[in-house]
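Protein chains: 2
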Amino acid sequence: MEETTWRPVRGTRVSEEVIEQIREAFFGGLQPGDWLGTETELAERFGVSRITIRDAVRTLEARGIVDVKVGARGGLRIAEADQDRFIDALAVQLHLLGVTFTEVIEAQCAIEPLTASMAARQATDEQLRRVAATITAANEVIGDPAAFTERSLDFHIAVAEASGNRALHATLIAFTTVQKPKMAPRANERRARRVVKIHEEIYQAIADGDEERARTLMDDHVRSVRREHPETPLL
Amino acid sequence: MEETTWRPVRGTRVSEEVIEQIREAFFGGLQPGDWLGTETELAERFGVSRITIRDAVRTLEARGIVDVKVGARGGLRIAEADQDRFIDALAVQLHLLGVTFTEVIEAQCAIEPLTASMAARQATDEQLRRVAATITAANEVIGDPAAFTERSLDFHIAVAEASGNRALHATLIAFTTVQKPKMAPRANERRARRVVKIHEEIYQAIADGDEERARTLMDDHVRSVRREHPETPLL
DNA sequence: GAAAATTTGTTCGTATGTATC
DNA sequence: CGATACATACGAACAAATTTT
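As they're listed, the protein sequences go chains P and U.
Mapping to the working numbering: the first sequence position 56 is 56, numbers consecutive.
Mapping to the working numbering: the second sequence position 74 is 1074, numbers consecutive.
Dropping the structure here:
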């Protein structure tokens, strides 16, 4: 309920101290859903004002460490995992670094053949079903470049998910998110049909459990996408 | 100076609206160091109180989008790239997901052979020098497991940097950071000497511009590290 | 180097909207 | 539906840090 004892704080940016203590408690074993208290309670316990606590809470929330709810039985809890927040952080950093589209594609060339072969080895039926669903979905909007691009990238993400490796999955989501805006203009219908065909082949290899073929097909596929896009700044 | 025009806002969590607008402007082309205004100015422009702006600022700061400075000519600016924030975001995410050490190593198995071969193709003299420096540094602390692990991982990061791909570089930094704590205990001196020898071979292949050899050596190296570590939760 | 100006950091008090009981 | 618990938001003020004068 409330075994954790907070040290009273004083220093430059008191809210930083609050953040640090809650962060330590988080990495010290707090689990998603664990109750932290209300803003008023925390203000009293840390010996600071409610506004200082709010500063800390906003930061912790942005980092994905806590969730905030209003109303009775509201207050602060340890957050559930939320990939969006991690993805946003990666997107921001890639933007600041001025990373190019080519760099992101190259990174995908490294990752995706492996996710495909891992998926072929160990994808569950549910995961396979989801991969197949992304192909169907993309096929339905084959004439709409923006929509097709979006759902086509979903295929790659679904394959990564089927790999069973959450580190690769999260990383790939981040990469596809950042490159999405640059892909759309080139997804004309002829190209789109070819992409669907290749996705289907890759899916079949994965479903057949043919690791080597899945790896090779995905490798060719990602490399061809890379060739089709000229060197451009990403953002 | 101030061409960006902010829409006035109203809705649930007004600060979210402020965050979204500044975020859009950020991805819309604002550059690191660009001036956004003071908290008071933004409060007036958005038509909200300064406290609401502060909520937004704390979130934007945590996401790595803005930097805040106090004093005359202080206020909000677009942030410089800061890898630490990205790394922290990834660490939080992996903690919440309960990702295993093995998953992270697997991800490295996908990425590092490519960084090695890319480095062999295009590393600058300066980058090569830095790779060599990490080997020397690791060799100097070969009896100290924690220090050796740290500098040994620096080798992998230096190779990724030498690849010239910042997306891979940033990703690898994050991965090595979260796995560091689990690696240290296993870096006994015998193992350490073997690692140094392999790192030297990889460096030589990169310096010789032998892409294929660099790729193969790195592949073997990462896979052997993977074999040596049992399946364990990362955190 | 000291004083003034600027700007965030922090506090208190209060009002309002919203979710739960 | 009313009461309660809680975050959200506003305003006014002073403290502390930093740059300019």
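Idealized CB from N, CA, C, for every residue including glycine.
### Query
Cα separation between Ala116(P) and Ile51(P)?
49 Å
### Query
Are the C-beta of Val99(P) and some C-beta of chain U separated by less than 8 Å?
So, interface residue.
### Message
Which of the three DSSP states is assigned to Thr59(P) in this structure?
### Response
helix
### Cut-off 6 Å between Cβ atoms - residues of its own chain near Gly1064(U), not counting five sequence neighbours on either side
Ala1079, Asp1082, Arg1085
### Message
My parser needs the alpha helix (DSSP H) runs of 4 or more residues fully inside the stretch 10-69 of chain P; what are they?
### Response
14-27, 39-46, 50-62
### Task
Could you pull the start and end residues of the beta strand (DSSP E) that Arg77(P) belongs to?
75-78
### Task
Would you check if the distance between the CB atom of Ala1120(U) and the CB atom of Asp1034(U) is smaller than 8 Å?
no
### Message
Counting only C-beta atoms, is Phe175(P) closer than 8 Å to chain U at any point?
### Response
yes
### Task
Find the residues of chain P that neighbour Asp1055(U), judging by a C-beta separation of less than 7 Å, and give them in chain order.
Arg54, Arg58
#### Entry: Residue burial classification, Asn165(P) (beta-carbon count within 10 angstroms, cutoff 16)
Looking at its Cβ environment, which holds 16 or more other Cβ atoms inside 10 Å, Asn165(P) is buried.
### Query
Along chain P, which residues have their Cβ under 8 Å away from the Cβ of Ile1206(U)?
Neighbours of Ile1206(U) on chain P: none; closest Cβ ~16 Å, over 8 Å.
### Task
Measure the alpha-carbon distance for His221(P) versus Met118(P) and round it to whole angstroms.
So the two alpha carbons sit approximately 17 Å from each other.
### chain P contact for Arg1088(U) (CB, 8 Å cutoff)
Note that residue 1088(U) corresponds to Asp in the displayed sequence, not to Arg. Output row for Asp1088(U): interface = yes.
### Message
Please classify Pro1008(U) as buried or exposed, where buried requires at least 16 neighbouring CB atoms within 10 angstroms.
### Response
Residue confidence for Pro1008(U) is low, a pLDDT of 39 falling below 50, so the modelled location carries little weight; the figure read from the coordinates is stated next. It is exposed - the Cβ of Pro1008(U) has fewer than 16 other Cβ atoms within 10 Å.
### Task
Just the C-alpha distance for Val68(P) and Pro32(P), rounded to the nearest angstrom, thanks.
13 Å
### Query
Between the C-alpha atoms of Gly1071(U) and Thr40(P), what's the straight-line distance to the nearest angstrom?
30 Å
### Task
For Leu1114(U), I'd like the list of residues in its chain whose CB is within less than 8 Å of its CB, leaving aside the five on either flank, ordered along the chain.
Ser1163, Leu1168, Arg1215
#### Entry: Whole-number beta carbon distance between Ala1187(U) and Thr1149(U), since they are thought to touch under 8 Å
5 Å
### Task
Would you mind reading off the limits of the alpha helix (DSSP H) that contains Thr1102(U)?
1101-1122
### Task
Using only alpha-carbon positions, find the residue among Arg1129(U), Met1183(U), Thr1177(U) that is nearest to Gln1204(U).
Arg1129(U)
### Task
Verify whether the separation of the beta carbon atoms of Glu1201(U) and Leu1217(U) is less than 8 Å.
yes
### Per-residue contacts from Phe27(P) into chain U (C-beta, under 9 Å)
Ala1091, Val1092, His1095, Leu1235
### Query
Got a sec: is the Cβ-Cβ distance from Glu39(P) to anything in chain U below 8 Å?
no
### Message
At the 8 Å Cβ level, is Leu217(P) part of the contact set with chain U, yes or no?
### Response
It does not: the Cβ of Leu217(P) has no partner Cβ on chain U nearer than 8 Å.
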